[in-house]
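Have a look at the structure below before the remarks.
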Amino acid sequence: RALHSYAGLREARRACRAACARQEPFPGGPGRWEAALLGPVLQRAGCLQRCLGRRLRPAPSAHRASRAVRRDFERREPYNYLQVAFFQLKRLDQAVSAAHTFFVANPQHLQMREDIEKYRRMSGVKSDSFQDLEAMPHWEAYETGVQHYDADEYLQAVARLEESLSEALSALEECRALCEGPWEDEDEEEKMQPGLYEAIAAHYIQVLKCRQQCVLEIATKPGRISATEDFIPSHLDLLQFAYSQVGNQTLAAECAASYLLFYPADEPMLEKMKQYRTELGEDAAVTARQSIQHYVQRSLMEKKLIYYAVEHLGETFNDPDLWTPDELIPEDLKQKYREDQEKQKRETLDLEEREKRGPLPFEGIAVTMDSQQMNGTQRVVFDRVLTESECKDLLRLTKAAGEAGDGYRARRSPHTPHERFEGLTVLKAVQLAQNGDVEWRDAKLLLQASEKSRKIIESYFTPGKKLHFSFTHLVCRRAVDGEQEGRMDLSHPVHADNCLLDPEGQECWKEPPAYVYRDYSGILYLNDDFQGGGLFFTEMDTVTVTAEVHPKCGRLVAFSSGKENPHGVWAVSRGRRCAIALWYTHSQEHTEQERVKAEELMEQRAVEQDQPDGDKHQGADRSSRSSSAPRAPSRPSKRADQRQKPGLDRKQHPKVLRARDEF
Numbered sequence: 001r002a003l004h005s006y007a008g009l010r011e012a013r014r015a016c017r018a019a020c021a022r023q024e025p026f027p028g029g030p031g032r033w034e035a036a037l038l039g040p041v042l043q044r045a046g047c048l049q050r051c052l053g054r055r056l057r058p059a060p061s062a063h064r065a066s067r068a069v070r071r072d073f074e075r076r077e078p079y080n081y082l083q084v085a086f087f088q089l090k091r092l093d094q095a096v097s098a099a100h101t102f103f104v105a106n107p108q109h110l111q112m113r114e115d116i117e118k119y120r121r122m123s124g125v126k127s128d129s130f131q132d133l134e135a136m137p138h139w140e141a142y143e144t145g146v147q148h149y150d151a152d153e154y155l156q157a158v159a160r161l162e163e164s165l166s167e168a169l170s171a172l173e174e175c176r177a178l179c180e181g182p183w184e185d186e187d188e189e190e191k192m193q194p195g196l197y198e199a200i201a202a203h204y205i206q207v208l209k210c211r212q213q214c215v216l217e218i219a220t221k222p223g224r225i226s227a228t229e230d231f232i233p234s235h236l237d238l239l240q241f242a243y244s245q246v247g248n249q250t251l252a253a254e255c256a257a258s259y260l261l262f263y264p265a266d267e268p269m270l271e272k273m274k275q276y277r278t279e280l281g282e283d284a285a286v287t288a289r290q291s292i293q294h295y296v297q298r299s300l301m302e303k304k305l306i307y308y309a310v311e312h313l314g315e316t317f318n319d320p321d322l323w324t325p326d327e328l329i330p331e332d333l334k335q336k337y338r339e340d341q342e343k344q345k346r347e348t349l350d351l352e353e354r355e356k357r358g359p360l361p362f363e364g365i366a367v368t369m370d371s372q373q374m375n376g377t378q379r380v381v382f383d384r385v386l387t388e389s390e391c392k393d394l395l396r397l398t399k400a401a402g403e404a405g406d407g408y409r410a411r412r413s414p415h416t417p418h419e420r421f422e423g424l425t426v427l428k429a430v431q432l433a434q435n436g437d438v439e440w441r442d443a444k445l446l447l448q449a450s451e452k453s454r455k456i457i458e459s460y461f462t463p464g465k466k467l468h469f470s471f472t473h474l475v476c477r478r479a480v481d482g483e484q485e486g487r488m489d490l491s492h493p494v495h496a497d498n499c500l501l502d503p504e505g506q507e508c509w510k511e512p513p514a515y516v517y518r519d520y521s522g523i524l525y526l527n528d529d530f531q532g533g534g535l536f537f538t539e540m541d542t543v544t545v546t547a548e549v550h551p552k553c554g555r556l557v558a559f560s561s562g563k564e565n566p567h568g569v570w571a572v573s574r575g576r577r578c579a580i581a582l583w584y585t586h587s588q589e590h591t592e593q594e595r596v597k598a599e600e601l602m603e604q605r606a607v608e609q610d611q612p613d614g615d616k617h618q619g620a621d622r623s624s625r626s627s628s629a630p631r632a633p634s635r636p637s638k639r640a641d642q643r644q645k646p647g648l649d650r651k652q653h654p655k656v657l658r659a660r661d662e663f
C-alpha cells in the first residue's frame with residue numbers, strides 16, 4: 001500500500017504540473033519566461049549575497065536572529081538589561097535613558113514602573129535623561145502637529161504634519177524592505193512540502209502580507225496595542241483643512257484630491273473639492289500627490305494578489321486598511337464576513353437570553369463581563385448588586401472604620417506609603433453598633449450585602465456546592481495628599497489569593513503563609529468618586545495585563561483564587577476607594593469565625609428586641625456570657641427567620657472553631 005500510495009503521489013504531481021502548464025501558460029512560451037523572470041531574480045539574489053558578505057564580515061551566518069530574538073528586540077528587552085548594567089557601573093544618566101526607553105514600549109511592566117520612580121527620586125539624575133532612544137520621528141512630529149492643529153495654530157500644524165507624513169512614508173519603505181526575509185512556517189512539518197511554484201507563491205504572498213501590515217507598524221505608538229486608524233489618510237485630512245485655514249487653497253486641494261484616492265465617495269471631501277475648484281478656477285489642474293498615488297496604486301495591486309491567494313490558494317488575510325474597495329474582496333470572503341457577523345449577533349442574543357434567565361438568585365443583576373471578555377478563566381463582573389442608597393449606607397459605615405483604624409496590624413497601609421488603609425471586619429462593625437458608634441442597620445447591611453455576594457458567586461461558579469466565608473473585610477484606600485506626584489507604585493501589588501506567586505518560575509506555590517484553603521474571591525465596590533484604584537488581572541509573569549475592572553457602586557467582580565487569576569490594584573491617586581473584600585472556601589472548617597460571632601450577636605439582639613422589658617436585662621446577661629465563652633461543638637443556634645431578609649443564610653455553622661490570624 002505504501003509503494004502504491006507513493007507512486008500515486010508522484011503521478012498526481014506530474015499530471016497536475018503538466019495540466020497546469022497547459023491551462024495557465026506563462027507568456028513567451030516554454031523556457032522564455034524563466035529567463036525573463038527568474039534570471040533577474042537570480043541576479044538580485046547574487047547581489048544581496050555579495051552585499052551582505054561585505055557588510056556582515058566575517059560571514060552573514062554569524063548574524064543569525066531567530067524569531068524569538070527578533071521579538072525581544074522589538075519589545076526593547078536589551079534596554080532592560082542595559083539599565084541594570086549602567087546602574088551597576090554608576091552611569092546613572094545612561095541607566096535612566098535605557099530604563100525610560102524600555103518603559104515607553106512596555107508601560108505595563110510593573111518592576112520598571114518602580115525603577116523609574118526610584119530614578120526620579122535620586123539626586124544627580126537629570127530630567128533630560130528620561131529620553132526615548134528608539135523614538136520614531138514621525139510620531140513626535142505627528143503628535144506635535146495635532147496639538148498645534150487643536151490649538152488653531154495652523155502654520156505650525158502644517159509644518160509638523162508634513163514632516164510626520166514624510167517620515168511615516170519613509171518608515172513604511174524601511175518596514176517593507178525588511179519584509180523580504182526568509183520563509184517562515186511554524187507548521188512546516190505538518191504540511192505537504194510545496195513544489196517550485198507553490199513555494200514561490202507562498203513566500204511571495206507572505207512578503208506581500210508583511211508589506212501590507214507595515215502600515216499598522218508605523219501607526220502603532222510604542223507601548224500601545226492598537227494602531228491609529230487611517231494613519232496616512234488622516235494626515236491628508238488634517239493637512240487639507242490646515243492649508244485652507246492659512247489661505248493656501250492649492251495645497252489644500254492637492255491634499256483633498258489625495259484623500260479621495262482612499263475614499264472616493266466621501267461626500268464632505270467631495271464638497272470641499274468642489275469648493276476648492278470654484279475658488280481656484282475650473283481651469284486649474286488639481287491632482288493628488290505623486291507619492292500618495294504611488295502608495296495607493298501599489299497597495300491595491302498587492303491586495304488584489306493577496307485576495308486571489310485567499311480565494312484560490314487557501315491563504316488568510318487580515319486587511320489592515322478600512323479604505324480597501326469592496327469590489328476587490330472576493331464574494332466568498334464577503335459572504336463569510338456576513339455569516340461571521342450574523343453568528344456573532346446570534347451569540348450576543350444568546351448571551352443576553354442566558355443572562356435574562358440565568359442561574360442568579362436575585363433579580364435585576366446583570367453579568368457585565370464574563371471570562372471570555374476578560375481574557376481569562378473563572379472571572380466575572382456583575383452589576384446592580386447594591387442600590388445607590390445601600391452604597392451610601394455602607395459608606396457611612398466606612399467612616400467609623402476610618403476612625404477605628406482597623407487596618408492591617410495598625411499600619412497606615414500594608415502595601416504603599418502613598419495611601420492610608422482603613423479596614424473594618426464584620427465583628428468589629430457589630431461591636432461598634434453595640435457601643436452605639438454606628439447604626440445597627442448599617443452593620444446588618446454589611447452582613448447582608450456580603451451574604452448576597454456569596455450566593456451570587458456560589459450560584460455562578462459552583463451551583464450545588466456550598467461556599468463558606470473565609471474572610472470579609474470592608475476596606476478603604478485613601479490617597480495621601482502631597483505624596484502622589486511622580487508616584488509609580490501600586491495600591492496593591494500583583495498576587496494570587498491562595499498561593500505564593502513566582503513570576504520568574506511561572507509557578508504559584510500552594511503553601512503557607514498563603515491562604516491555601518481559599519477557593520473564590522470577590523470585591524463589591526461602593527463608590528467611584530476617586531482617581532485610579534481599578535482592579536487588573538495579569539499573566540503569570542505579573543507584567544502582562546489581560547483585563548481591567550473599573551469600580552462603581554454595586555459592581556461585584558468575582559474570580560477563582562488560584563494561579564489562573566493573578567491580580568493587583570492600580571494606585572489610588574486622589575480620593576477614597578471603598579469596597580467589601582470577600583474570600584470564600586469550600587472547606588467548612590476554615591469558615592470565618594468572626595462572622596459566626598457577629599451573626600450570633602445580631603441574632604441575640606433580634607431576640608432581645610422581641611422580649612418584654614422585664615426580660616431584657618436577663619437577655620443581655622446571656623448575650624455577654626455567650627460572646628466571651630467558647631461555643632460548644634453542638635447544633636447551631638436557633639435563627640429568627642422572620643426577621644431576616646432573604647439574602648442572609650445562617651443554616652450551617654462549623655462544628656469545630658479554630659482561632660486564626662487572618663493577616
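Numbering-wise, the sequence shown is residues 1 to 663 according to our numbering.
The beta carbon of each residue, even a glycine, is placed where N, CA and C say it ideally should be.
Apply the 10 Å Cβ neighbour rule to residue i and answer buried if 16 or more other Cβ atoms are within range, or exposed otherwise.
{"i": "SER453", "result": "buried"}
{"i": "HIS109", "result": "buried"}
{"i": "MET269", "result": "buried"}
{"i": "LEU601", "result": "buried"}
{"i": "ASP406", "result": "Residue placement at ASP406 is flagged as unreliable, the pLDDT there being 46, under the threshold of 50; the coordinate-derived value follows with that caveat. Per the 10 Å Cβ criterion, buried."}
{"i": "PHE382", "result": "buried"}
{"i": "GLY39", "result": "exposed"}
{"i": "ARG577", "result": "buried"}
{"i": "GLY614", "result": "Residue placement at GLY614 is poorly supported in this model, since its pLDDT is 48, which falls under 50; the coordinates still yield a value, given next. Counting Cβ neighbours within 10 Å, GLY614 comes out exposed, since fewer than 16 surround it."}
{"i": "ASN565", "result": "buried"}
{"i": "PHE262", "result": "buried"}
{"i": "GLU422", "result": "buried"}
{"i": "VAL80", "result": "A quick correction: the sequence has Asn, not Val, at residue 80. That one is buried."}
{"i": "GLN696", "result": "As displayed, the chain neither begins before 1 nor continues past 663, which places residue 696 out of reach and without an answer."}
{"i": "TRP139", "result": "buried"}
Tell me the residue span of the beta strand (DSSP E) that contains residue i.
{"i": "GLN531", "result": "530–532"}
{"i": "GLU422", "result": "419–425"}
{"i": "MET369", "result": "366–369"}
{"i": "ALA547", "result": "545–549"}
Does residue i come out as helix, strand or coil in the three-state DSSP assignment?
{"i": "CYS499", "result": "coil"}
{"i": "VAL385", "result": "coil"}
{"i": "CYS578", "result": "strand"}
{"i": "TYR295", "result": "helix"}
{"i": "TYR263", "result": "coil"}
{"i": "GLY464", "result": "coil"}
{"i": "THR398", "result": "helix"}
{"i": "CYS255", "result": "helix"}
{"i": "PHE559", "result": "strand"}
{"i": "ARG605", "result": "helix"}
{"i": "VAL380", "result": "strand"}
{"i": "THR324", "result": "coil"}
{"i": "ASP115", "result": "helix"}
{"i": "SER453", "result": "helix"}
{"i": "ASP230", "result": "coil"}
Opposite residue i in the DSSP bridges: which residues?
{"i": "LYS592", "result": "The sequence shown places Glu at residue 592, rather than the Lys named in the question. Answer by DSSP bridge pairing: none, since GLU592 is not bridged."}
{"i": "TYR81", "result": "DSSP, once it has assigned bridges, lists no residue as partnering TYR81."}
{"i": "HIS567", "result": "HIS495, PHE537"}
{"i": "CYS508", "result": "LEU501"}
{"i": "HIS100", "result": "Bridge partners of HIS100: none, in fact."}
{"i": "TRP583", "result": "PHE471, SER521"}
{"i": "ARG478", "result": "ARG420, ARG576"}
Quick one: measure Cβ to Cβ for residue i and residue j, integer angstroms, because I've assumed they're closer than 8 Å.
{"i": "GLY486", "j": "ARG224", "result": "Not really, about 23 Å apart at Cβ, beyond 8 Å."}
{"i": "GLY554", "j": "LEU386", "result": "4 Å"}
{"i": "ALA256", "j": "GLN240", "result": "5 Å"}
{"i": "ALA443", "j": "ALA429", "result": "4 Å"}
So with Cβ pairs under 8 Å, would you call residue i a contact of chain E?
{"i": "ALA171", "result": "Going by chain labels, chain E is absent from the structure shown, which holds only one protein chain."}
Would you mind reading off the limits of the alpha helix (DSSP H) that contains residue i?
{"i": "VAL69", "result": "67–74"}
{"i": "GLN43", "result": "39–55"}
{"i": "SER5", "result": "2–23"}
{"i": "PRO137", "result": "137–150"}
{"i": "LEU89", "result": "Run containing LEU89: none; DSSP gives neither H nor E here."}
{"i": "TYR204", "result": "196–218"}
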